[in-house]
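All letters in the sequence shown, in the order written, are residues 9 to 451 by the working numbering.
Here the structure comes first, spelled out in structure tokens, and everything after it is commentary.
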Amino acid sequence: MAPAILIENGTILNPGSAPQVLSGHTVVIEGDRIARIAPARAVRGTRGRRIDASGCVVMPGLINAHTHFYSALARGLTKTKPATEFGDVLRNLWWRLDSALNTEDCHVSALVALIDAIRHGTTTIIDHHASPRAVDGSLDALARAVAKTGVRACLCYEVSDRDGAGIARAGLKENTSFIRCCQKAADPRLKALFGLHASFTLSDRTLEAAAEAGRELGTGFHIHAAEAQSDQTLTQRAHRARVIERLQRSGILGDRSIAAHCVHVNRREMGILAETGTAVVHNPQSNLNNAVGIADVVGMSQRGVLVGLGTDAMTANLLEELRVALWGQHERARDASAGWAEVTSALFTNNGRIATRIFDLPLGELREGAMADLAITDYDPPTPIDSGNVRGHLLFGVSQVPVRTTIVGGRVLMEDRQLRLDLDEARLNARARERAKALWQRL
Ligand SMILES: [Zn+2]
């Protein structure tokens, strides 16, 4: 076992279900777990490598419950036609982009996104991948990037009929074979879900095939659901059911499944999501950017739906996403105090629950026995900080400062803002720019 790591002199923040702030304590990491959180004098004699967190806060690593690595190569892309409604956003930008990706692009974009995550204190990522002209082996290409960076990740391939039956079949196969590999490897840093694009691009036949394969594998699903009103309209027209009803009928929902967005779900659908234990992941920046609406996070939470937070690749900074999530609920309710508990719990409590279900490991909390996934940030607050306002400090203060050190499963991935990886960031970015240039030319 690697020598213990002792994180000393920091203020320990636990914004989870039992918020807590500790000073004068040391975090002792042994192997991949947090072995002790104890007063400094009690662990003074413990041998190990010491990390001085003076003037810093130590917090649980952040979890991104829905994102897309592949869009990392789209930053700055201007060669697209304007889009007014959501269908245009997909047709003019994302479906053109993902159709031009090759396997190496997938690998490089994942590396770029994973490094960005480490720099922002994100330690677990749930990704949703598409590269319809390079389906076979695409999840392996992402998994190699995950292994190189040391971040915990859950991968899936988004099956869709939008490019024809052949590519849909390739997507089904890619999920099935990758999930089998993951189950065999039992790597605590790498998991898989069965990916599906969205109800409106899935035929009954493909949905049934996915449900059957998922059942056999004993896995959950990861799908975009009711992101825009058009998903509801098209689903009702073609299948005489609302999106969540159709997914329930197909056997896609359940307590290992994720429905991203759910901006346009009615009360009955919220009831189904709660009953089936399906996790909903809210992505406010993406929804605002695409002008599709603001999900009813408060309503879903009050009805017992487990609502988490993702970025949909709009940012690598989960605390920034959290801020927008809160402003969104204020605006939605026209009430400047709406949604505080629901929105902050989405990130600080529910994302940990969602990740724990998938990884079957205690994630998202800074406590003894939990996985040693944490972030250290320079933060010397000008106001008092305690268990009653720790979430406020994270939202208004910690969100505004760069992360100093990121640790996943006891492995230091970044220390004092220097990556501790066998990877040259400048060379990676140069390589990514070359690939992005070629990719944009192919559009
Ligand atoms: Zn998405």
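For glycine and all other residues, C-beta sits at the position ideal for the given N, C-alpha and C.
Computed from a prediction, not measured in an experiment: that's the story for all the values here.
query	result
Terminal residues of the beta strand (DSSP E) in which K89 lies	Per DSSP, K89 belongs to no beta strand (DSSP E) and is neither H nor E.
Secondary structure, beta strand (DSSP E): runs of 3+ residues fully inside the segment 246-322	266-269, 287-290, 314-317
Simplified DSSP state of A324, which is helix, strand or coil	coil
Proximity test, R239 beta-carbon vs ligand 1 heavy atom, cut-off 7 Å	The displayed chain sequence assigns Asp, not Arg, to residue 239. No; taking the cut-off as 7 Å, the Cβ of D239 has no heavy atom of ligand 1 nearer than that.
Three-state secondary structure (DSSP) of Y387	coil
Terminal residues of the alpha helix (DSSP H) in which A233 lies	Here A233 belongs to no alpha helix (DSSP H); instead the beta strand (DSSP E) covers 229-233.
Beta-carbon proximity list for R399, same chain, < 6 Å, skipping 5 on both sides	P23, T352
Whether G56 touches P11 by CB criterion (8 Å)	yes
Helix, strand or coil at T413 [DSSP, three-state]	strand
Contiguous alpha helix (DSSP H) assignments of at least 4 residues, all confined to the segment 154-213	173-193
S139 beta carbon less than 8 Å from that of H164	Reading off the sequence shown, one finds Cys at residue 164, where the question assumed His. Against a cut-off of 8 Å, the Cβ pair of S139 and C164 comes out as no contact.
Inter-stretch contact (C-beta, 8 Å, three-pair minimum) for the segment 426-446 and the segment 106-126	yes
Nonlocal neighbours in the same chain, by C-beta distance under 6 Å from A456, ignoring five residues either side	Residue 456 lies beyond the residue range present for the chain, which begins at 9 and ends at 451; the question has no answer from this structure.
Whole-angstrom distance between D386 and P410, CA atom to CA atom	7 Å
Per-residue burial, N274 [other beta carbons within 10 Å of its own, 16 or more giving buried]	exposed
Where E329 falls: helix, strand or coil (DSSP)	helix
Within-8 Å CB hit, A446 to chain D	The structure shown contains no chain D; it holds only a single protein chain.
Residues bridged to P140 [DSSP beta-bridge criterion]	P140 is not bridged to any residue.
First and last residue of the uninterrupted beta strand (DSSP E) at E112	Premise fails: E112 lies in the alpha helix (DSSP H), 111-127, not in any beta strand (DSSP E).
Boundaries of the beta strand (DSSP E) in which R104 is found, first to last residue	Element bounds for R104: not the beta strand (DSSP E) but the alpha helix (DSSP H), 103-107.
CA-to-CA distance, A155 to E112, given in whole angstroms	15 Å
I393 in three-state terms, based on DSSP	coil
Any non-hydrogen atom of ligand 1 closer than 7 Å to D320 Cβ	yes
Check: A233 C-beta below 7 Å from any heavy atom of ligand 1	no
Alpha helix (DSSP H) segment containing E423, residue limits	Careful: E423 lies outside any alpha helix (DSSP H), inside the beta strand (DSSP E) at 419-423.
Pairwise C-alpha distance: I280 and L201	20 Å
Burial state of L421, where buried means 16 or more other Cβ atoms lie within 10 Å	buried
Nearest-angstrom Cα separation, counted from V271 out to V143	29 Å
Among T209, G259, E220, I266, the one whose alpha carbon lies nearest that of Q240	T209
8 Å Cβ cutoff met for I260 and A219	yes
Coil, strand or helix - D430 by DSSP	coil
Whole-Å CB distance - E93 paired with D60, under 8 Å assumed	That pair is no contact at about 53 Å.
C-beta atoms of G360 and I71 nearer than 8 Å	yes
Contact set for E433: own chain, Cβ-Cβ below 7 Å, skip 5 residues either direction	I123, L427
Nonlocal neighbours in the same chain, by C-beta distance under 6 Å from F367, ignoring five residues either side	K199
Straight-line gap, L431 to A151 (C-alpha atoms, nearest Å)	16 Å
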